[in-house]
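Trainee: The opening position of the sequence shown corresponds to residue 1 in UniProt numbering, with each subsequent residue numbered one higher.
Ideal placement from N, C-alpha and C gives every residue a C-beta, glycine not left out.
Pasting a structure here, questions to come.
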Amino acid sequence: MPTYPAFRIHQDAQGHHAGIEQLPRPTPAAGEVLIRVGWSGVNYKDALAGTGRGKILRTFPLVGGADAAGVVEQSAHPCYQNGEAVVVTGWGLTHDHDGGFAGYLCCPAEWLVPIPDGLDPRRAGIFGTAGLTAALAVHRMLVNGQEPGLGPILVTGASGGVGAMAVAILARLGFSVSAVSGKPELTDWLRHLGAAEVLPREALAGATRPLEKARWGGAVDNVGGELLAQITRTIAPGGNIAAIGLVGGHELHTTVMPFILRGASLLGCNSVDIPYPLRRTLWNHLASDWQPPDLEALVSETVALEGLPPVFEDMLAGRTHGRVLVAL
Ligand SMILES: NC(=O)c1ccc[n+]([C@@H]2O[C@H](COP(=O)([O-])OP(=O)(O)OC[C@H]3O[C@@H](n4cnc5c(N)ncnc54)[C@H](OP(=O)(O)O)[C@@H]3O)[C@@H](O)[C@H]2O)c1
1 MPTYPAFRIH
11 QDAQGHHAGI
21 EQLPRPTPAA
31 GEVLIRVGWS
41 GVNYKDALAG
51 TGRGKILRTF
61 PLVGGADAAG
71 VVEQSAHPCY
81 QNGEAVVVTG
91 WGLTHDHDGG
101 FAGYLCCPAE
111 WLVPIPDGLD
121 PRRAGIFGTA
131 GLTAALAVHR
141 MLVNGQEPGL
151 GPILVTGASG
161 GVGAMAVAIL
171 ARLGFSVSAV
181 SGKPELTDWL
191 RHLGAAEVLP
201 REALAGATRP
211 LEKARWGGAV
221 DNVGGELLAQ
231 ITRTIAPGGN
241 IAAIGLVGGH
251 ELHTTVMPFI
261 LRGASLLGCN
271 SVDIPYPLRR
281 TLWNHLASDW
291 QPPDLEALVS
301 ETVALEGLPP
311 VFEDMLAGRT
321 HGRVLVAL
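So this is what it looks like as structure tokens:
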């Protein structure tokens, strides 16, 4: 029986352990598609799952990886033909279903998006969950009236996968972007992606009163905790804050003042199960009018499956930046 390599995560009598295993190649059941995975990428939750430091998997063992891009190897669904380029992110991948850190992935056809013109599997892999999440945040802000005249957009965790994507997409759309980063050595890189200015994480530290001077037209926040609270105090009237992440903490201590006196909005973003029509719309934007002019610049590193464990450690320690691609 043909096999394929996969980075598989276990939780059993030996505790958490993960590594590369050879798995038997599956045959898709009716409604499923078997993808030959070309590219995946490392997201924060992949690092939590792969190290066992976060409760990401609902069942064990599972192949890790929230992203997969490649071509259809075998289709048991009428909408997909062999050889078609497809991308899948989120849904059940690395929650209750095998993920994309593998040579093959068999999943329901409804989870797939045909890769639009303007992208190929590698470029779709560069975007991955990070790009789709940044696109979701931008979409929600635009629908809620965000426009450049409201003021600069603050992006926190700016050197991370989602943050860097948000910087690049917002700059492409004509917004002035203020990037908050704990990595001053990446200032030139963030400027190259489109940031108008790069601020240290402590830039908002003095914002302690319920309403401070309004500085930001909007914000894309990957950090949560005290930084998100500071953003609520400094957001301009009518501004939108897209809440994405919690690398700095999951609590939020603020007041209702920014919401009832400035009409600010806190927009929740969950990219895991974006409804299918919106998912296709966002991928079409990423392939065309929202695509950063230098997408390759978002890639900091490309690794094979063997290279995943050290990348997980680096990511959780805040030492990675941009997108770490996984070549299968
Ligand atoms: N809601 C969703 O659908 C969704 C989707 C994807 C990701 N997320 C979440 O979004 C966050 C970012 O994910 P990612 O994949 O982009 O991760 P990532 O690549 O590791 O980026 C996180 C960035 O946050 C900054 N950071 C790290 N530790 C910090 C701390 N203690 N305080 C302040 N800033 C810190 C760092 O940027 P600087 O050094 O530049 O400050 C780091 O590069 C995670 O919490 C993830 O779980 C949510």
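If I follow the unbroken alpha helix (DSSP H) through residue 49, where does it start and stop?
Mentor: Counting along the chain, the alpha helix (DSSP H) containing residue 49 begins and ends at 44 to 51.
Trainee: Tell me whether residue 244, by its Cβ, gets closer than 7 Å to a heavy atom of ligand 1.
Mentor: Yes, the Cβ of residue 244 comes within 7 Å of a heavy atom of ligand 1.
Trainee: Looking only at its chain, what residues have a beta carbon closer than 7 Å to the beta carbon of residue 17, apart from the 5 residues adjacent to it on each side?
Mentor: Counting only Cβ-Cβ distances below 7 Å, and skipping sequence neighbours, we find 10.
Trainee: For a quick check, are the C-beta atoms of residue 157 and residue 222 less than 8 Å apart?
Mentor: Cβ distance < 8 Å, so residue 157 and residue 222 count as in contact.
Trainee: Apply the 10 Å Cβ neighbour rule to residue 226 and answer buried if 16 or more other Cβ atoms are within range, or exposed otherwise.
Mentor: Classification for residue 226: buried.
Trainee: Applying the criterion that 16 or more other CB atoms from any shown protein chain within 10 Å of the CB defines a buried residue, is residue 12 buried or exposed?
Mentor: Exposed: under 16 other Cβ atoms inside 10 Å.
Trainee: Please confirm whether any heavy atom of ligand 1 lies closer than 7 Å to the CB of residue 53.
Mentor: Checking the Cβ of residue 53 against ligand 1 gives no.
Trainee: When the distance is taken between beta carbons, is residue 180 closer than 8 Å to residue 187?
Mentor: Against a cut-off of 8 Å, the Cβ pair of residue 180 and residue 187 comes out as no contact.
Trainee: Please report the residue range of the beta strand (DSSP E) in which residue 85 lies.
Mentor: Counting along the chain, the beta strand (DSSP E) containing residue 85 begins and ends at 85 to 89.
Trainee: In three-state DSSP terms, what is residue 216?
Mentor: Residue state, collapsed to three classes: strand.
Trainee: May I ask which residues mark the beginning and end of the alpha helix (DSSP H) holding residue 122?
Mentor: From DSSP, the alpha helix (DSSP H) with residue 122 extends over 121 to 143.
Trainee: Indicate whether residue 54 and residue 48 have their beta-carbon atoms separated by less than 8 Å.
Mentor: Going by C-beta atoms, residue 54 is nearer than 8 Å to residue 48.
Trainee: Quick check: is any heavy atom of ligand 1 less than 7 Å from the C-beta of residue 321?
Mentor: Yes, ligand 1 has a heavy atom inside 7 Å of this Cβ.
Trainee: Taking only three categories from DSSP, how would you classify residue 4?
Mentor: In the structure shown, residue 4 sits in a strand (DSSP, three-state: E or B).
Trainee: Answer yes or no: the CB of residue 155 versus the heavy atoms of ligand 1, is any distance below 7 Å?
Mentor: No, the Cβ of residue 155 stays beyond 7 Å of every heavy atom of ligand 1.
Trainee: Just to confirm, are residue 86 and residue 112 a CB contact at a threshold of 8 Å?
Mentor: Yes, the pair counts as a contact, with Cβ atoms nearer than the cut-off.
Trainee: Whole angstroms are fine: how far does the CA of residue 297 sit from the CA of residue 285?
Mentor: Roughly 19 Å separates the two Cα atoms.
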